[in-house]
Structure formats: C-alpha cells, structure tokens
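Visitor:
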Amino acid sequence: MKNIRNKVQLIGNVGNTPKLEETKNGKKYVKLSIATNNTYTNKEGEKIKDTQWHPVMFWGKKAEIADKYILKGQEIYVEGSLNYRDYEDESGEKKYVFEIISSELLLLNN
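Here the numbering used here runs 31 ahead of the position in the sequence shown, where the first position is 1.
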C-alpha cells in the first residue's frame with residue numbers, strides 16, 4: 032500500500048500530438064490531454080456518452096518517449112500523481128492549474 036495516497040491510473044485516448052519542449056532550466060517535458068469515456072442511461076432511457084479530459088505532464092526520459100512514440104488518438108495507460116499549482120500570467124492575473132504528473136506510461140496500441 033506504499034505510495035497510494037496520491038495515485039492516479041487512467042486508460043484513455045490522446046487528444047493532441049505530443050510536442051517535446053524545454054523549460055528555461057533545460058528540463059524536457061511533454062503536455063498531453065487524455066480522454067476517458069463513461070456511458071450511462073438518462074431518465075428518458077437515452078444512452079449518454081460523457082467524455083472527460085485529463086491534462087498529463089511527462090518529464091525527462093518519459094517526455095522523450097512520449098514525443099517519439101505517442102500519436103494523437105492512441106490509447107495509453109498513465110499512472111502518476113495529481114498536482115495542483117497556481118501562477119500569475121503576463122497581465123498579473125492569477126491562474127490555477129490541475130494536472131497529472133506521469134510516473135508510468137504504457138502504450139496500448141499503435
């Protein structure tokens with residue numbers, strides 16, 4: 032049960048083409064959005080498909096792997112932790128960011 036306090040596991044489809052970027056300090060990263068779908072039946076008996084989008088960050092070697100091997104639309108497994116941060120944009124407005132920091136990546140199809 033070690034390390035389950037802040038653990039996220041998702042299987043979903045990649046919503047954008049990965050692009051390897053670097054911070055000012057030279058750390059490599061990739062940002063992706065992963066879509067997960069749930070289906071339920073509403074009161075009228077109609078099947079409803081609910082899509083949730085999850086922002087995921089890959090750092091270092093995992094970022095390089097994501098950039099090289101992940102394609103838009105591909106199904107992947109991601110494991111990581113939730114991260115919440117805030118910052119001020121160029122105009123001084125406070126922005127809030129919620130993201131998953133990936134510790135594991137599995138490519139499920141090509």
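Quick reminder that beta carbons are idealized off the backbone N, C-alpha and C, glycines included.
It should be emphasised that the depicted structure is a prediction, and the values quoted were computed from it without experimental measurement.
#1: Determine whether the beta carbon atoms of Ile107 and His85 lie at a separation below 8 Å.
#2: Is Ile131 closer than 8 Å to Gly111 when the C-beta atoms are compared?
#3: If you count every other CB in all the chains shown that lies within 10 Å of the CB of Lys93, and 16 or more means buried, which is it?
#4: Using beta carbons (cut-off 8 Å, strictly below), is Trp84 in contact with chain C?
#5: Where does the unbroken alpha helix (DSSP H) through Lys92 begin, and where does it stop?
#6: What do you reckon, are the CB atoms on Lys59 and Gly91 nearer than 8 Å?
#7: Check whether the Cβ atoms of Val128 and Leu41 lie closer than 8 Å to each other.
#8: Residues bridged to Ser133 by DSSP?
#9: Assuming contact is defined by CB atoms lying nearer than 8 Å, are Asp98 and Leu51 in contact in what I supplied?
#10: Cutting at 8 Å between CB atoms, please list the residues of its own chain near Gln105, excluding the five before and the five after it.
#11: Alpha carbon to alpha carbon, how far is Glu121 from Leu73? Give it in angstroms, no decimals.
Guide: Quick look at the numbers:
#1: no
#2: yes
#3: Its Cβ being crowded by 16 or more others within 10 Å, Lys93 is buried.
#4: Included in the structure is just one protein chain, with no chain C present.
#5: Counting along the chain, Lys92 sits inside the alpha helix (DSSP H) bounded by residues 92-100.
#6: yes
#7: no
#8: According to DSSP, which records beta bridges pairwise, Ser133 is partnered with Gly111.
#9: yes
#10: Asn44, Val45, Leu138, Leu139, Asn140, Asn141
#11: The question names Leu, but residue 73 is Asn in the sequence shown. The straight-line gap from Cα to Cα measures roughly 43 Å.
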